[in-house]
Structures are given as C-alpha cells and as structure tokens.
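J.: Questions regarding the structure given below will be posed in turn.
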Amino acid sequence: MRTFYLTAAALLLALTSVSAQAPDLGSWNILNLKYGYNEKWSFFGEAQLRSLKFYNNFHYYEYKGGFNYKFHSHAQLTLGAGSYQTYKEDGNFVLPKNNDEFRLWPQITLFQSVGKIKVEQRYRTELRWASNGYRTRFRYRLGVSYAFGKEQEGYKPYQLSASNELFFTDKEPYFERNRLLFALNYKTSKAITLQVGFLHQFDYKINDETGRDFLVVGFYYELFRKSITKSETHHELKDN
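The sequence shown lines up with residues 61 to 300 when you count with this note's numbering.
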C-alpha cells in the first residue's frame, strides 16, 4: 500500500504541477461496480464524470450497465447500454447540451499472456441514438498490463497498464478519435481497486469532448458470490 500511495502521490503532484502550467488538463473520474455471479457470468454498472479543466468546466457525464459472459478462458462477450450527456464548454454543465445520447454496445474482449505481460484486445460496436440522429461507431483497443508485488489471495496488488484505442465510423472520414491511457492500479483488497492515470485524447472529427489531456481517477468495487473463489479482474484493463 505504501508503494502505491507514494507513487500515486508523486504522479498527482506532477500532474498538479503540469495543470498549473497547462490549465487545460481535465479530469476523468470513474466509479465502477461489478458483481461476479459465477465463473462465466458477471454484471456491471459504471458512472463517469469529466471536466475540460482541472476539476472545473465539467462538461460530460455518463452512466451505463450491462453483463459479461466469459465463454472461453481467453475470450469474453459483453452487452452494455447507457446514457451519455455532453454539455457546452466554458463552464459547468452549460446548456443547451451539445449531445444527449443513448448507446447500446456489444463487445468482445480477447486475453492472452506473453511472459508476465497480459495482452488484451477489445472490439466494440456502438449503436448510438443521439440528438442529431442515429450513428454507428466501431472501437478497437489494444492494451498491456503488468502485475507486481507480493501475491495474496491469488492476485498481485499492483498493476501498470497502457492502452491505445481507435474509433471509427461507417461514414467519411471514417477515423474519428484516438485515446491513449497510462495507469497505475492498486488492489487494496480482492474487491477494491484504485486507479490513477494519464489519458490523452485526439479527435479528428469533434462531436464529443475536444481532444486534450486528462487526469484519470478511478474506483472499482467488485462483489462475488461465495461459490467464486478466484478473481480474474486483475487480468483485465480497467474501462474508459
């Protein structure tokens, strides 16, 4: 725990210093709850709150939920749905909204190990009913993670992760967005994971938040049925 707090404190101090020099550093806050029903099925709910400046100019929130089905030791299907709200810039939740959107998204995630490195590939299709009509979007995320620290209850407490995600549409110019994330995760227990990270987002065609940098802070809480004895969450990249 001491290692995590020292590392997280150093990262936060560095980001705070950067934010003082670059006031456009935003915040990206995540609260995620998950319930593991058995070894194959799990259910989740998540809320996010984002700001375009350092905990100011809040312009976006979302809440979503769904289920996962792990049909293979290296593959998982997900179906999720949620509400995604984007407000105008230059203030906190400035009206009228830029976008009021409902999404339904099927997804498949593939896992593999290369030595001590975990590799994850995520493919997602988004069916989007937005203020200006229906749109379809496709997302591909490639991520790697490395768990370390003294193993306890079948998991290691610390995890470094990096991921890059590409966003495409079915209309020109097709490429829409690139999202790069570096994160440090700490499992305080089997159920709780804390996350701090840095996210850079570039938008080719702006229709949500503009492309810029964000401080990521996440809290992940997972419940298990008593029949489940092993957690696989430390093998998964945290959502964004």
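Glycine included, C-beta positions come from ideal geometry on N, C-alpha and C. Since this is a predicted model, take the numbers as computed values, not measurements.
What are the start and end residues of the beta strand (DSSP E) that includes L283?
T.: Per DSSP, L283 belongs to the beta strand (DSSP E) from D273 to F284.
J.: Excluding the 5 residues preceding and the 5 following F103 in the sequence, name in chain order all residues of the same chain whose CB lies nearer than 6 angstroms to its CB.
T.: Within the same chain, F103 has close Cβ partners Y95 and F127.
J.: According to DSSP, is E211 part of a helix, a strand, or is it coil?
T.: Three-state DSSP puts E211 in coil, outside helix and strand.
J.: Could one say the Cβ of E232 lies closer than 8 angstroms to chain B's Cβ atoms, at least one of them?
T.: The structure shown contains no chain B; it is built from a single protein chain.
J.: Would DSSP call K216 helix, strand or coil?
T.: In this structure, K216 counts as coil in the three-state DSSP scheme.
J.: Whose CA, out of V179, R188 and K113, lies closest to the CA of D150?
T.: It is K113 whose Cα lies nearest to the Cα of D150.
J.: In three-state terms, what does DSSP make of N224?
T.: Three-state DSSP puts N224 in a strand.
J.: Using the three-state DSSP reduction, which class does G203 fall into: helix, strand or coil?
T.: Strand at G203.
J.: I'd like to know if the segment 231 to 238 and the segment 250 to 259 are in contact, where contact means that at least 3 CB-CB pairs between them fall below 8 angstroms.
T.: Taking 8 angstroms as the limit for Cβ pairs, the verdict is that the segment 250 to 259 does not touch the segment 231 to 238.
J.: If you run the structure through DSSP and keep just helix, strand and coil, what is E296?
T.: The answer is coil: DSSP assigns E296 none of H, G, I, E or B.
J.: In terms of residue numbering, what span does the beta strand (DSSP E) encompassing Y264 cover?
T.: That residue, Y264, is in no beta strand (DSSP E); it is neither H nor E in DSSP.
J.: For the structure I just gave you, are there three or more beta carbon pairs, one from the segment 240 to 248 and one from the segment 215 to 223, closer than 8 angstroms?
T.: As far as the Cβ criterion goes, the segment 240 to 248 touches the segment 215 to 223, which means the pair count is three or higher.
J.: Run through DSSP, which three-state label would A135 get?
T.: Three-state DSSP puts A135 in a strand.
J.: By how many angstroms is the C-alpha of N98 removed from the C-alpha of G86?
T.: Their Cα atoms are separated by approximately 37 angstroms.
J.: Less than 8 angstroms separating the beta-carbons of T146 and Y120?
T.: Yes, these two residues count as a Cβ contact at 8 angstroms.
J.: Within 10 angstroms of its Cβ, does N92 collect 16 or more other Cβ (buried), or is it exposed?
T.: Label assigned to N92: buried.
J.: DSSP three-state call for S50: helix, strand or coil?
T.: The structure shown does not extend to residue 50, since the chain is modelled only from 61 to 300, so the question has no answer here.
J.: Within the continuous beta strand (DSSP E) that includes A107, where are the two ends?
T.: W101 to K113 is the span of the beta strand (DSSP E), which, as asked, contains A107.
J.: Hey, how far is the Cα of K124 from the Cα of V276?
T.: One C-alpha to the other measures close to 18 angstroms.
J.: For D84, does the three-state DSSP call read helix, strand or coil?
T.: The answer is coil: DSSP assigns D84 none of H, G, I, E or B.
J.: Would K176 and Y144 qualify as a contact pair, given that the criterion is a beta-carbon distance under 8 angstroms?
T.: No. Outside cutoff.
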